[in-house]
Amino acid sequence: MNFHILTLFPDMILQGLSTSIIGRACKAGQVMIEAVNIRDFTQNKHKKVDDYPYGGGAGMLMQAQPVYDAYLSVLEKIRTKQRPRVIYLTPQGQVFRQTMAREMAKEQDIILLCGHYEGIDERVLEEIVTDYISVGDYVLTGGELPAMILVDAISRMVPGVLSNEESSERESFEQGLLEYPQYTRPEEWRGKRVPEVLLSGHHKNIESWRMEESLKRTRIRRPDLYKAYLEESKSETGL
Ligand code: 4GN
Numbered sequence: 011m012n013f014h015i016l017t018l019f020p021d022m023i024l025q026g027l028s029t030s031i032i033g034r035a036c037k038a039g040q041v042m043i044e045a046v047n048i049r050d051f052t053q054n055k056h057k058k059v060d061d062y063p064y065g066g067g068a069g070m071l072m073q074a075q076p077v078y079d080a081y082l083s084v085l086e087k088i089r090t091k092q093r094p095r096v097i098y099l100t101p102q103g104q105v106f107r108q109t110m111a112r113e114m115a116k117e118q119d120i121i122l123l124c125g126h127y128e129g130i131d132e133r134v135l136e137e138i139v140t141d142y143i144s145v146g147d148y149v150l151t152g153g154e155l156p157a158m159i160l161v162d163a164i165s166r167m168v169p170g171v172l173s174n175e176e177s178s179e180r181e182s183f184e185q186g187l188l189e190y191p192q193y194t195r196p197e198e199w200r201g202k203r204v205p206e207v208l209l210s211g212h213h214k215n216i217e218s219w220r221m222e223e224s225l226k227r228t229r230i231r232r233p234d235l236y237k238a239y240l241e242e243s244k245s246e247t248g249l
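Numbered according to the numbering used here, the sequence shown spans residues 11 to 249.
Right, dumping it as structure tokens:
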């Protein structure tokens, strides 16, 4: 899986994704993360990449030319098959979900475009962007943190990135539920004991306890997910 991130802050991307599980996946060659500095492609002699919006208004906009040329440089490198997915991170996009992460992990190359200032000239977005994606209903100063969120969530769905121990397969979220509570040593901490069933070694009971806790937790904390889960189980059993 190859990620190509078009950004004005390449160091931020590389630093943020260089540790832990994603760092390991890069070293192992399962994931490749390239940060392309949009500023390297400006034709402006002062290396400027932004300008005032036509019609007036607050702030500056990223110009089309450097963004488009940075994009073309990635296309030349990949030189394979059809047009790659180009994702623009924006609060105006479709909200990112686990199902999307799983789907996107099947792609060979993904280009992520990070905006700054007040945004990017609409014409280059029309020309290159295939998907408008948001990580949630709030505004950030740049698309870099959202891009890093996508790289992390997609990478861990690439076969081999997670070890057997870390496997995502039994994650409740895969069925649309929240995780059950978990405990590690010691058996008692500040007078609070680990639930007895988890110490019993009775795997069937442990499994059903965890399912109950997942359902309870989802119903209370995320009624929206709970409702969707119930609808889904209804349609699975044929009403
Ligand atoms: C994405 C980008 C929030 C999101 C962003 C989000 C940078 N903020 N919710 N900020 O996924 C104008 C230029 C705002 C790009 C954009």
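Glycine residues also receive a C-beta, built at the ideal position from the N, C-alpha and C atoms.
Legend entry - Closest by C-alpha distance to Val168, when choosing among Ala35, Glu242, Ile23 and Leu24: From the listed residues Ala35, Glu242, Ile23 and Leu24, the smallest Cα separation to Val168 is found for Ala35.
Inset, instruction - Tell me whether Pro101 sits in a helix, a strand or coil according to DSSP, three-state version. - result: Strand at Pro101.
Legend entry - Bridge partners - Phe13, DSSP secondary structure assignment: Ile43 and Ile120
Legend entry - Per DSSP, the bridge partner or partners of Tyr142: The partner list for Tyr142 (beta bridge, DSSP) reads Tyr98.
Legend entry - Between the CA atoms of Asn12 and Ile43 - distance to the nearest angstrom: Rounded to the nearest whole angstrom, the C-alpha separation of Ile43 and Asn12 is 6 Å.
Inset, instruction - Using only alpha-carbon positions, find the residue among Val139, Ser28 and Gly33 that is nearest to Tyr98. - result: Val139
Inset, instruction - For Tyr98, decide whether its Cβ has a neighbour in chain B, counting only Cβ atoms nearer than 8 Å. - result: The chain inventory of the structure shown lacks chain B, comprising one protein chain alone.
Legend entry - Alpha-carbon spacing of Pro101 relative to Pro63, whole angstroms: 19 Å
Legend entry - In chain order, each alpha helix (DSSP H) run of at least 4 residues that lies wholly inside the region 47-94: 74-88
Legend entry - Inter-residue CB distance, Leu122 and Ala157 (contact presumed, cutoff 8 Å): 4 Å
Legend entry - the region 68-80 contacting the region 123-136, beta-carbon criterion three pairs below 8 Å: yes
Inset, instruction - Mind checking which residues open and close the alpha helix (DSSP H) that includes Leu225? - result: Counting along the chain, the alpha helix (DSSP H) containing Leu225 begins and ends at His213 to Arg231.
Inset, instruction - State yes or no: is the C-beta of Val134 nearer than 7 Å to some heavy atom of the ligand 4GN? - result: no
Inset, instruction - Return yes when the C-beta of Val139 is under 7 Å from any heavy atom of the ligand NAD, and no when it is not. - result: In the structure on display, the ligand NAD does not appear, and the ligands it does have are the ligand 4GN.
Inset, instruction - Give a single yes or no on whether Ser144 has its beta carbon closer than 7 Å to a heavy atom of the ligand 4GN. - result: yes
Inset, instruction - Would you check if the distance between the CB atom of Glu242 and the CB atom of Gly186 is smaller than 8 Å? - result: yes
Inset, instruction - Go ahead and label Asp50 buried or exposed: buried means 16 or more other beta carbons lie within 10 angstroms of its beta carbon, across all protein chains shown. - result: exposed
Inset, instruction - Decide yes or no for the touch test of the region 82-93 against the region 101-119: beta carbon pairs closer than 8 Å, at least 3 of them. - result: A contact is defined here as three or more CB-CB pairs under 8 Å, and the region 82-93 meets this definition with respect to the region 101-119.
Inset, instruction - Thinking Leu188 and Arg231 are a contact (beta carbons under 8 Å), I'd like their distance in whole angstroms, please. - result: Contact flag correct, Cβ pair sits at about 6 Å.
Legend entry - Through-space distance from Tyr78 to Gly65, alpha-carbon basis: 23 Å
Legend entry - Inter-residue spacing [alpha-carbon to alpha-carbon] between Gly170 and Leu24: 21 Å
Inset, instruction - Could you tell me the distance, in whole angstroms, from the CA atom of Met110 to the CA atom of Arg195? - result: 36 Å
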